[in-house]
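J.:
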Amino acid sequence: GGPASLSRFRGALVAAVLGDCVGGEFEGAEEVPMDRVLQHLNGLEDESRGDGILQYSDDTAMTRCVVQSLLTRAGFDEQDMARRFAKEYSHSPGRGYGAGVIQVLRKLASPHLNDVFQPARAQFSGHGSFGNGGAMRAAPFALAFSNPVDIRRYSRLGAMLTHSCSLGYNGAVLQALAVHISLQGGLDLPHRPTFINKLISEMEEVEAEDAARSDSRVFSESEFPFCDRLHRVKDLMERNNSVSIEEVISELGNGIAALHSVPTAIFCVLHCLEPREGLPERYGGLERTMAYSLALGGDTDTIACMAGAIAGAHYGIDAIPQIWQRCCEGAEDADINAERLHTLYHQAPAEG
Ligand code: R7I
Ligand code: MG
Ligand code: MG
1 GGPASLSRFR GALVAAVLGD CVGGEFEGAE EVPMDRVLQH LNGLEDESRG DGILQYSDDT
61 AMTRCVVQSL LTRAGFDEQD MARRFAKEYS HSPGRGYGAG VIQVLRKLAS PHLNDVFQPA
121 RAQFSGHGSF GNGGAMRAAP FALAFSNPVD IRRYSRLGAM LTHSCSLGYN GAVLQALAVH
181 ISLQGGLDLP HRPTFINKLI SEMEEVEAED AARSDSRVFS ESEFPFCDRL HRVKDLMERN
241 NSVSIEEVIS ELGNGIAALH SVPTAIFCVL HCLEPREGLP ERYGGLERTM AYSLALGGDT
301 DTIACMAGAI AGAHYGIDAI PQIWQRCCEG AEDADINAER LHTLYHQAPA EG
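Quick note, the sequence shown lines up with residues 1 to 352 if you use the working numbering.
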């Protein structure tokens, strides 16, 4: 479809759920041989499976809250979004939330809370979480707002409800921008070669802010940590077929920090735009992206969820095997919500 087509909206939201559901199997595994990944994915094609057998985790649970809030409020409302996170957590606390964020979610449930950003600021002795929990739920911001300035602003605020460290919330900004550019056809030829450069120039502005500069000093990161990682993505891509999984992990990471997972997810998408050795020839790009993300091990549900959103916005809904969709809890809801977001997006410009 063309830029911002319905198919792209559906692809983004459904593939994010898929990544979370199929990636759950390997979350935290150190090494995942591609054979095991393919076995897991082939298992989904078994006729007796289906009907949401693979459950979604916190990644999707929180994404659903973001979607519902943006739709109900027709824009960003931090009070409403915070309430939804808290309510979702209290209903289903067993979705595999990060160890730190559950304290924030408990505090957000308090009816006496005035400043909904305060509990996040208290995390990790006051500097806030750098986990990828803000980034894993950032895709809907690119599906609700069409202007990159709005996307930057609201994805950042949405993440700051739980992640007040810039190394956390800027991961969310990067993920939302990646989905946005993909949704606009930024991974189609002939625009494809400029995709990563667009992200780098956006993030150069984002990371020039004082808070980002001081956090990168506190954590002894380079001056522009996300830009730095995006340059590494670019270098790895230029090496083309010769990149091993071990190198991807050592250069970009596969961990629970946003800095060690958002650039990795972007790399997975870019690397799998073309057929790759070790991946089945019958696989299309979306299937390759999923399989490759899982084979990295580490935070597989989250990396596959984020890569899924970016890839889904590029390939569209028809690239996602229906059998996979049927296996994943929440895929059908995501599809319905994608249509609602598409309508909102093409209506009036949403206000905050
Ligand atoms: O970021 P968050 O919501 O976790 C998301 C991850 C995804 O993989 C999900 O699929 C789920 O499995 O969890 O939750 P946080 O608790 O904010 O951060 C996750 C973890 O990162 C924390 O439990 C810490 O181990 C670590 N972490 C930090 N450690 C030290 N100092 C995050 N921030 C810090 C920090 O500032
Ligand atoms: Mg999870
Ligand atoms: Mg995870």
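Cβ atoms here follow ideal geometry from the backbone N, Cα and C, with glycine treated the same way.
Cβ of Thr302 within 7 Å of any heavy atom in ligand 1?
T.: Position 302 of the sequence shown, counting from 1, holds the residue named residue 302. It does: the Cβ of Thr302 is within 7 Å (strictly closer) of some heavy atom of ligand 1.
J.: What did DSSP end up calling Cys328 once you bin it into helix, strand or coil?
T.: As a position in the sequence shown, residue 328 is number 328, starting the count at 1. The answer is strand: DSSP assigns Cys328 an E or B state.
J.: Between Val116 and Ala82, which are expected to be in contact by the criterion C-beta below 8 Å, what is the C-beta distance as a whole number of angstroms?
T.: Taking the first residue of the sequence shown as position 1, residue 116 is located at position 116. Taking the first residue of the sequence shown as position 1, residue 82 is located at position 82. Correct: roughly 4 Å between the Cβ atoms.
J.: For a test of the three-state rule: what should DSSP assign to Arg340, helix, strand or coil?
T.: In the sequence shown, residue 340 corresponds to position 340, counting from 1. The answer is helix: DSSP assigns Arg340 an H, G or I state.
J.: Does Ala257 come out as helix, strand or coil in the three-state DSSP assignment?
T.: Sequence index remark: in the sequence shown, residue 257 carries index 257 (1-based). The answer is strand: DSSP assigns Ala257 an E or B state.
J.: Would you report the Cα separation of Leu113 and Lys107, rounded to the nearest angstrom?
T.: Looking up residue 113 in the sequence shown gives position 113. Looking up residue 107 in the sequence shown gives position 107. So the two alpha carbons sit approximately 8 Å from each other.
J.: For Leu54, which residues does DSSP report across the bridge?
T.: Looking up residue 54 in the sequence shown gives position 54. Partner(s): Cys328.
J.: Which whole runs of the alpha helix (DSSP H) in the segment 183-230 are 4 residues long or more, in chain order?
T.: Listed in chain order, the complete alpha helix (DSSP H) runs (minimum 4 residues) inside the segment 183-230 are 195-206 and 210-218.
J.: Determine the DSSP secondary structure at Gly158, reduced to helix, strand or coil.
T.: To locate residue 158, count along the sequence shown from 1; it is residue 158. Three-state DSSP puts Gly158 in a helix.
J.: In or out: Arg282 buried (at least 16 other Cβ within 10 Å) or exposed?
T.: As a first step, residue 282 is located in the sequence shown; it is residue number 282 there, counting from the start. Exposed is the call here.
J.: Using a Cβ-Cβ cut-off of 7 Å (strictly less than) and excluding sequence neighbours within five positions of Arg73, which residues of its own chain qualify?
T.: Mapped onto the sequence shown, residue 73 falls at position 73. Asp80, listed in sequence order.
J.: If I'm right that Asn337 touches Leu6 with Cβ under 8 Å, what's the distance once you round it to whole angstroms?
T.: Taking the first residue of the sequence shown as position 1, residue 337 is located at position 337. Taking the first residue of the sequence shown as position 1, residue 6 is located at position 6. Not a contact, Cβ separation roughly 12 Å.
J.: Classify Glu27 as buried or exposed, calling it buried when 16 or more other Cβ atoms lie within 10 Å of its own Cβ.
T.: Locating residue 27 in the sequence shown gives position 27, counting from the first residue. Glu27 comes out buried.
J.: Measuring straight from C-alpha to C-alpha, what distance separates Ala304 and Leu273?
T.: Here residue 304 refers to the residue found at position 304 of the sequence shown. Here residue 273 refers to the residue found at position 273 of the sequence shown. Between Ala304 and Leu273, the C-alpha separation is close to 15 Å.
J.: Following the continuous alpha helix (DSSP H) through Ala123, name the residue where it begins and the one where it ends.
T.: For this step, residue 123 is matched to residue 123 along the sequence shown. What sits at residue 123 in the sequence shown is Gln, not Ala. Element bounds for Gln123: n/a, residue is neither H nor E.
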